[in-house]
Amino acid sequence: MKSWQSVLTAQETNRILRCIKSSVASRSREGILPLYSALVRPHLESCVPQHRKDMDLLEWVQRKQPLL
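Next comes the structure, spelled out in structure tokens:
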């Protein structure tokens with residue numbers, strides 16, 4: 470069972486990642502990493518996982534970052 474906080478955090482970070490992907494012309498790591506650090510990471514750090522499935526979900530969102 471996933472907690473609502475983890476699900477909402479994952480949804481919000483996915484929205485931010487899609488926004489970054491669609492609005493940034495350069496897909497270089499140097500261009501995306503500062504945006505990821507400033508916009509996505511605070512959301513992930515503010516969520517405290519309560520179950521293993523919560524951790525798995527948030528780790529999955531983190532792993533998506535290099536795929537931008």
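Residue 470 is where the sequence shown starts when you use our numbering, and the numbers rise one by one after that. Every residue gets a Cβ at the ideal spot worked out from N, C-alpha and C, and that includes glycine.
{"Asked": "Can you have a look at A439 and say buried or exposed, based on whether 16 or more other CB atoms are within 10 angstroms of its CB?", "Found": "Summary: the structure shown does not reach residue 439, with the chain confined to residues 470 through 537, and so no result is reported for it."}
{"Asked": "Since D523 and S472 are thought to touch, with beta carbons under 8 Å apart, how far apart are those beta carbons, to the nearest angstrom?", "Found": "5 Å"}
{"Asked": "Consult DSSP for V517 and reduce its assignment to one of helix, strand or coil.", "Found": "coil"}
{"Asked": "Under three-state DSSP, which class holds S472?", "Found": "coil"}
{"Asked": "May I have the straight-line CA-CA distance separating N483 from R498, to the nearest angstrom?", "Found": "18 Å"}
{"Asked": "Cβ atoms of H512 and E481: under 7 Å apart, would you say?", "Found": "yes"}
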